[in-house]
Structure formats: C-alpha cells, structure tokens
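Asker: Below is one structure. I have some questions about it.
In the numbering used here, the protein residues as written are 35 to 119.
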C-alpha cells in the first residue's frame, strides 16, 4: 500500500499521541499543526485513511471522532517506521 506523506504524517501524529481504539479525537485535532494550505488535502487524507481501514470513525453526540484501528497497529507502525527513516 502506497501512502503519501500527508497520510503518513497524520498516522504518525495519531500514533504518537496514543489515539488508538477506544481513545479518540476530532478530525480537526488530527490535522492541527499542518500548514494552512494543506488543511483541505488533510481532511481528504483522513477520509481516505478511513476508507482504507487504518482509521476508525466514531460518531458521537458532539461530532465525528477518529482513532487508529487497533487491529492494524502493526501495519501502521511499519508504515510509520519506513516513513521516519
């Protein structure tokens, strides 16, 4: 699976923050800190990651939340490791 740098940056940010499984955050928080001109692309990247199954959506009464798929943490760790090196 070939992911671009933006998707890998989002995955790495969520992984380092421990946003896995039952711990979740808003999509806006996941893309916080990225350059302004990339916000739209980052939102699209999150939606693509949801479709790929690496991120799990969690609808709540106060909005959509996301977290890393706990069943794919090994795969995510491998992707991030390749990206970081």
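Every residue gets a Cβ at the ideal spot worked out from N, C-alpha and C, and that includes glycine.
Since we're looking at a predicted model, the values are computed, not measured.
1) Alpha helix (DSSP H) containing residue 63: first to last residue?
2) Can you confirm whether the stretch 69-81 touches the stretch 107-115 when touching is taken to mean that 3 or more C-beta pairs between the two stretches lie within less than 8 Å?
3) Cα separation between residue 35 and residue 85?
4) Which first and last residues belong to the alpha helix (DSSP H) in which residue 47 is found?
Answerer: Looking at the coordinates:
1) 61-64
2) no
3) Reliability of the predicted coordinates at residue 35 is poor, the pLDDT of 32 falling under 50, and no value is obtained from them.
4) 39-51
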